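Here is the structure we will look at, set down as structure tokens.
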Amino acid sequence: MNALVLHEVKTAPVYQNFEKPTLASDEVLIQIKAAALNHRDVYITQGLYPGIVTPIILGSDGAGVVVEIGDAIPLKWLQQEVIINPSIGWQKNTAVQPMDYSIVGMPTQGCLAEYIKIKVADLALLPKPNHLTWNEAAALPLAGLTAYRALFTKAKVQAGERVLISGIGGGVALFACQLAIAAGAEVWVTSSSEQKIEQAIALGAKGGANYKEENWHQDLLEKAEGAFDVIIDSAGGDGFRYFLDIANMGGRIAFYGGTRGSFKVSPQKMFWKQLSLFGSTMGSSEEFAEFIDFVNKTQLKPVVDSIWKLEDAAKAFDHLDAGKQFGKVVVSM
Ligand SMILES: NC(=O)c1ccc[n+]([C@@H]2O[C@H](COP(=O)([O-])OP(=O)(O)OC[C@H]3O[C@@H](n4cnc5c(N)ncnc54)[C@H](OP(=O)(O)O)[C@@H]3O)[C@@H](O)[C@H]2O)c1
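FYI, the numbering for the sequence shown is 48 to 380, going by this note's numbering.
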């Protein structure tokens with residue numbers, strides 16, 4: 048089969064022929080129709096991820112058709128149109144992931160290939176939402192699940208609350224924005240790009256500020272005419288301390304990444320405002336099912352930034368690394 052294979056960190060993944068997976072009795076073979084990239088894939092190629100094994104086919108997000116089944120798999124699975132749950136080994140919605148939790152696309156083979164084999168445990172595969180194209184369905188899993196847990200399980204966002212999503216160009220951030228709007232929250236955003244703020248407004252956000260400008264946080268507070276009940280972030284770094292200034296009394300701040308590195312926070316601001324800070328990471332299979340249910344009920348459509356061919360997908364990594372995208376970077380087979 049054709050696949051995009053990473054042989055060594057700090058080199059580009061290579062489009063090549065690769066051995067097609069053979070099935071164990073509890074596995075199915077999926078012909079991938081579309082896959083999507085996450086920053087995780089870029090970090091792995093750059094050697095910035097723990098436990099990297101090579102050669103590896105990356106790609107945690109994928110959707111496709113079940114074309115072969117193992118001996119123990121019921122016939123009803125054949126020809127099913129499915130999306131792949133990227134969380135392996137985290138079934139119940141527990142406070143933390145189990146120690147043996149892993150993610151599709153390293154250390155196990157990922158979706159940037161014509162075929163992938165998946166062990167059919169509970170909720171490992173879900174039906175593809177009917178209202179979505181293959182490219183849209185493939186855009187959902189990892190980023191959508193991460194946004195869902197941060198927003199609903201951790202920050203417990205409610206309709207009518209004022210929510211700030213930072214770095215709206217991010218794949219997870221944009222899902223958080225769409226999910227919060229669909230849940231009836233008033234959503235504000237930050238970005239390094241005025242154009243991305245305008246694109247978020249077109250999706251239903253109230254407005255935003257450029258985090259590269261000095262005093263962006265004051266600017267945002269004035270525009271929103273009030274402080275934020277919930278803040279969702281993945282950048283961390285120096286700018287994080289300002290979230291404490293613009294959070295409402297009793298505000299909840301959830302973060303799932305640290306793109307800009309460590310941050311310092313004022314204990315006085317934290318305790319006086321009785322703020323809660325939540326670390327969050329991807330999500331359980333139960334939350335994945337809740338997320339897909341939410342997508343079906345609200346008919347939410349993910350934003351697709353660009354669609355690449357598998358043979359050109361190494362360039363899609365550079366596109367994501369450059370941060371020019373708005374929405375998911377998809378690879379169509
Ligand atoms: N823990 C988990 O389970 C999990 C899951 C997914 C992602 N992550 C992490 O979350 C981060 C984002 O991932 P992603 O896949 O969504 O990445 P992505 O799609 O590549 O987005 C990165 C975005 O970060 C924003 N950004 C950069 N510097 C910023 C700053 N100083 N302040 C605010 N925003 C800033 C930019 O937004 P603008 O373009 O709008 O400026 C950029 O587009 C990564 O660090 C990733 O490893 C963690």
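Backbone N, C-alpha and C fix where the C-beta goes; we use that ideal spot for every residue, glycine too. Note that this is a predicted model, so its numbers are computed, not measured.
Less than 6 Å between the CB of Lys362 and some heavy atom of ligand 1, yes or no?
no
DSSP state of Phe302, grouped into three classes?
strand
Can we count Ser213 as close to ligand 1, meaning its CB is less than 6 Å from some heavy atom?
yes
Assign Phe332 to one of three DSSP states: helix, strand, or coil.
Checking the displayed sequence, the identity of residue 332 turns out to be Ser instead of Phe. In this structure, Ser332 counts as helix in the three-state DSSP scheme.
In terms of residue numbering, what span does the alpha helix (DSSP H) encompassing Leu105 cover?
Neither: Leu105 is in no alpha helix (DSSP H) and is coded neither H nor E.
For a test of the three-state rule: what should DSSP assign to Lys80, helix, strand or coil?
strand
Considering only their Cβ atoms, is the gap separating Phe318 from Leu192 smaller than 7 Å?
no
Only counting the same chain, and skipping five residues up and downstream in sequence, which positions put a Cβ closer than 6 Å to that of Thr155?
none
Rounding to the nearest angstrom, what Cα-Cα distance links Ser281 and Tyr90 in this structure?
14 Å
Helix, strand or coil, according to DSSP, for Leu159 in the structure here?
coil
On the premise that Val351 lies in contact with Val377, defined as a C-beta separation below 8 Å, what is that separation, rounded to the nearest angstrom?
5 Å
Per DSSP, the bridge partner or partners of Leu51
Tyr62
Given 8 Å, three or more beta-carbon pairs between the stretch 103-113 and the stretch 143-163:
yes
Runs of 3 residues minimum, wholly inside the stretch 167-249: which ones carry the beta strand (DSSP E) assignment?
172-174, 209-212, 233-238
Flag Ile91 as yes if its beta-carbon sits less than 7 Å from any beta-carbon of chain B, otherwise no.
You won't find chain B in this structure, because it holds only one protein chain.
If we ignore side chains and look at the alpha-carbon of each, how far apart do Ala361 and Lys316 end up?
45 Å
Any heavy atom of ligand 1 closer than 6 Å to the beta-carbon of Gly218?
yes
Could you check if Val75 is buried or exposed, using at least 16 other CB atoms within 10 Å of its CB as the buried criterion?
buried
Is Phe65 closer than 7 Å to Val52 when the C-beta atoms are compared?
yes
Touching by the beta-carbon criterion (3+ pairs, under 8 Å), the stretch 256-272 and the stretch 217-227:
no
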